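Per the numbering used here, the very first residue in the sequence shown carries number 167; after that it's consecutive.
Every residue, glycine too, gets a C-beta built ideally from N, C-alpha and C.
If you're wondering where the values come from, they're calculated on a predicted model, not measured in any experiment.
Below: one structure, written as structure tokens.
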Amino acid sequence: MNIHNEVRKHLINFLKKVLDQTYTRNEWENYSYSTYQNAELEYIRREVIETISKNLEPNGFKMKTISKENRDSIQTIINKLERMSI
167 MNIHNEVRKH
177 LINFLKKVLD
187 QTYTRNEWEN
197 YSYSTYQNAE
207 LEYIRREVIE
217 TISKNLEPNG
227 FKMKTISKEN
237 RDSIQTIINK
247 LERMSI
């Protein structure tokens, strides 16, 4: 099993939940506190955390309505991850 590929798939699934705003507090905490050993995936993770963190509701884990710019940015990341081979 290629662990980096499994992490990539997990990241894609989480980002799709971000777009739908269906992620849970546990998923957000796992995503935001974990680190990836793969430098490219870690860079993407940090980018997404920065985007989400700027737009969190007062409860601290759900985003306010996602702007078109943020939605497009996250979708671009998903598309890049889907094309990536690790």
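Query: Unbroken stretches of the alpha helix (DSSP H), 4 residues or longer, contained in the region 177 to 211; Result: 191 to 199
Query: Contact under 8 Å by Cβ, Tyr199 with Glu208; Result: no
Query: Residue range of the alpha helix (DSSP H) that includes Ile232; Result: Counting along the chain, Ile232 falls outside any alpha helix (DSSP H), and DSSP gives it neither H nor E.
Query: Where Ile240 falls, given that 16 or more other Cβ within 10 Å makes a residue buried; Result: buried
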